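Asks: Following this message is one structure expressed as C-alpha cells.
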Amino acid sequence: MDIVIIILVFILFLCASKKKEGFRGRRFHTTKESLRKLFSERAMWMKIFIEDNLQDKSDKLHIQARLYKNTADVKKYMLKVSKKKNVVYKFARMLKKRSDLLISMIYQIQTQNKSDIIVSIDAVNQHSDMLAKFMANHSKGTLTPQKIRHHLTKQNKYIYNMTNTHFIADHASEVSEYDRFYTHMLKLSDLLNIIIHT
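According to my numbering, the sequence shown is numbered sequentially starting from 57.
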C-alpha cells in the first residue's frame, strides 16, 4: 500500500512538473513574439527616420518622437513580464541613449564631415560594448558580451550602410541592408527574451 501511494505521489509530481514546464514554455514563446513585434516596429521607425531625415522632411521630429516612444513601449512591456524592475529601467535608459547616438550618427553622415562621422561611429560602438556587457551580466551566464555585441555592431553597420545608400539613392542596396538590419534586430530581441526568463 505504501508503495502504491509513493508511486501515485511521484506520478502527480511528474504531471505538475510537466504542466509547469508547459506554462513556462508558452510564456517564453508569448514574450518572444511580443518583443519581436516591438523590435520590428523599432526597425521600421529607424528606417523611416533615415528616409525622412535625408529628404529633409518637416515631420522628421515626429518620426524621432515615435522612435523614442518605441523605447517607452519596450520598457512598459518588460515591466509587465519581468521581475527585474531595476534592470528594466536601466536597460530602457541605455536603449534611449543608443537611439540618441544612432540618430546623431545619421545626422553626421548627412553632413558628410568625415571627422565628425568617425567620432559618432566610435560613440555608437563604445555604447554598444557597454550595453552588451550590461545585458550579459543579467543573463546569469547564459549569454556572453561577445554574442550580444555581435548583433549590436551588425545593426550599427547596417544603419550606417542604409543611410549612405539612401543618400546616394541606391535603393536596391538600401533594401538589402535593411533586411540584414531587421534580422539582427530580431536576434537582439530574442536575446532580451532569454534575459527576461533567466
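Even glycine gets a Cβ: it sits at the ideal position worked out from N, Cα and C. Here the structure is a predicted model, which is why all the values come from computation and not from measurement.
(1) Looking at the secondary structure, which residues open and close the alpha helix (DSSP H) in which T219 lies?
(2) Taking its Cβ as the centre, do 16 or more other Cβ atoms sit within 10 Å of T254, making it buried, or is it exposed?
(3) Cα separation between R82 and K170?
(4) Can at least three beta-carbon pairs, one atom from the segment 92 to 103 and one from the segment 236 to 244, be found at a separation below 8 Å?
(5) Could you compute how far the alpha carbon of S160 sits from the alpha carbon of A192?
(6) For Y145, does the count of other Cβ atoms within 10 angstroms reach 16, so buried, or fall short, so exposed?
(7) Who are the near neighbours of K153 in its chain, counting only those whose CB is closer than 8 Å to its CB and skipping five residues on each side?
(8) Look at the alpha carbon of D129 and the alpha carbon of H227, and state the distance between them as a whole number of angstroms.
(9) What is the DSSP secondary structure of Y145, reduced to helix, strand or coil?
(10) Is Q164 near S176, with beta carbons less than 8 Å apart?
Replies: Taking the structure as given:
(1) Against the sequence shown, residue 219 aligns to sequence position 163. T219 -> alpha helix (DSSP H) spans P201 to F223.
(2) Sequence index remark: in the sequence shown, residue 254 carries index 198 (1-based). Label assigned to T254: exposed.
(3) Here residue 82 is taken as the residue at index 26 of the sequence shown, counted from 1. Here residue 170 is taken as the residue at index 114 of the sequence shown, counted from 1. If I take the Cα positions, the gap works out to 49 Å.
(4) yes
(5) Taking the first residue of the sequence shown as position 1, residue 160 is located at position 104. Taking the first residue of the sequence shown as position 1, residue 192 is located at position 136. Spanning the two alpha carbons is a distance of roughly 26 Å.
(6) By 1-based counting over the sequence shown, the position of residue 145 is 89. Y145 comes out exposed.
(7) Looking up residue 153 in the sequence shown gives position 97. H183.
(8) In the sequence shown, residue 129 corresponds to position 73, counting from 1. In the sequence shown, residue 227 corresponds to position 171, counting from 1. For D129 and H227, the distance between alpha carbons rounds to 30 Å.
(9) As a working note, residue 145 is residue 89 in the sequence shown. Here Y145 sits in helix by DSSP.
(10) For the purposes of this step, residue 164 is identified with residue 108 of the sequence shown, where counting begins at 1. For the purposes of this step, residue 176 is identified with residue 120 of the sequence shown, where counting begins at 1. A contact, by the Cβ cut-off of 8 Å.
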